[in-house]
Ligand SMILES: [Ca+2]
Ligand SMILES: [Ca+2]
Ligand SMILES: [Ca+2]
Ligand SMILES: [Ca+2]
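Numbering (the numbering used here), first residue to last: 124 to 418.
Set out below in structure tokens:
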């Protein structure tokens, strides 16, 4: 958020009144002008919309120097805004339209009374977004994956190595995963080595598995294939991942297995080797659903 408290000079109420009366004699009515360009607005909750800058950021009307207070320091900015119809020639980072205290889309003399009424206000903290600029797309927002409601944390802490499955040093270590209970996990990649997370589930009947993931890094998810299927024995790995998916940061993707026989299955999650590094604690979530099926 661009908040730029600059050029602070004090005006008294007398000089404000004099200035406004003087301006009223000379200035044309301001115009809001053409519709502003739109671009990606990235909100703190991870969502994004295509909006104008004004629609995206949080404005406190009357706070023309963007210091979150509406006070005498704003008066000369307000007077200056009145001299810039349509915002043309407005030199400050804090937006011209911040002077639109009656909400009609322009800063005009009609804003004088509502501006004066606001003197002394403290602006509420905002929930505005970050605007990325004209023509930008939501794919450019920083990726922030939020754990879904009801999720449980991965047991391995970021930087540890406690669930590397068939790739474990020492005893094979898997973390359990349960149907319909999302897991909120973390991962890293240091440019050479990467975190690998192996999740294990055992089913008692023919099952079709559906695994969904979203990660803050380019991620690979997969069902580790064994022959026979569901053997739960690392020596039975075929070396194939089936099904699997590679997706970019923040993309949500789902893989669906064939109808597989009762047994023990492993789902694999880890960073792709495409970024320079993935730093702890890069987050992801996965959710597994199981559907009984007939082979
Ligand atoms: Ca202010
Ligand atoms: Ca106005
Ligand atoms: Ca991990
Ligand atoms: Ca791991």
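Think of the CB as a built atom: it goes at the ideal place given N, C-alpha and C, for glycine as much as any other residue. Since the model is a prediction, treat every value here as computed from it, not as a measurement.
Ordered list of alpha helix (DSSP H) runs contained in the stretch 162 to 246, each at least 4 residues: 176 to 179, 198 to 205 and 235 to 241
Just list the beta strand (DSSP E) runs in the stretch 373 to 409, keeping only unbroken ones of 3 residues or longer that don't cross its boundaries, in chain order. 375 to 383 and 386 to 394
For residue 308, which three-state DSSP category applies? strand
Do you know how far the Cα of residue 257 is from the Cα of residue 371? 24 Å
If you drop the 5 nearest sequence neighbours on each side, which residues of the same chain put their C-beta closer than 6 Å to that of residue 406? 268, 309 and 339
So, residue 350 versus residue 359, is the Cβ gap smaller than 7 Å? Contact: yes.
Could you pull out every residue in the same chain whose Cβ sits closer than 6 Å to the Cβ of residue 261, ignoring the five residues on either side in sequence? Apart from sequence neighbours up to five positions away, the residues of its chain that approach residue 261 with a beta-carbon distance below 6 Å are 163 and 171, ordered along the chain.
State buried or exposed for residue 228, treating a residue as buried only when at least 16 other CB atoms are found within 10 Å of its CB. A residue is called buried once 16 or more other Cβ atoms fall within 10 Å of its Cβ, and residue 228, having fewer, is exposed.
Cβ of residue 330 versus every heavy atom of ligand 4: is any distance shorter than 6 Å? no
Status (buried if at least 16 other CB within 10 Å, exposed otherwise) for residue 226: exposed
Does any CB atom of chain B fall closer than 7 Å to the CB of residue 224? Structure shown: chain B not included; a single protein chain is present.
Do residue 415 and residue 328 have their C-beta atoms within less than 7 Å of each other? yes
Please report the residue range of the beta strand (DSSP E) in which residue 337 lies. Judged by DSSP secondary structure, residue 337 falls within the beta strand (DSSP E) whose first and last residues are 330 to 338.
Taking DSSP as the reference, what is the three-state secondary structure of residue 263? Residue 263 falls in the helix class under three-state DSSP.
In its own chain, which residues sit with a C-beta less than 8 Å from the C-beta of residue 366, not counting the 5 before and 5 after it? Take residue 366, set aside five residues on each side of it, and the residues of its chain with a beta-carbon closer than 8 Å to its own are 345, 346, 378, 379 and 380, in chain order.
Let me know if residue 160 comes out buried or exposed under the rule of 16 or more other beta-carbons within 10 Å of its beta-carbon. Burial call: exposed.
Residue range of the beta strand (DSSP E) that residue 349 falls in? 342 to 349
Cβ-heavy atom distance between residue 199 and ligand 1 below 6 Å? no
Spatial neighbours of residue 410 within its chain, please: CB distance less than 6 Å, with the 5 preceding and 5 following residues excluded, ordered by chain position. 305 and 335
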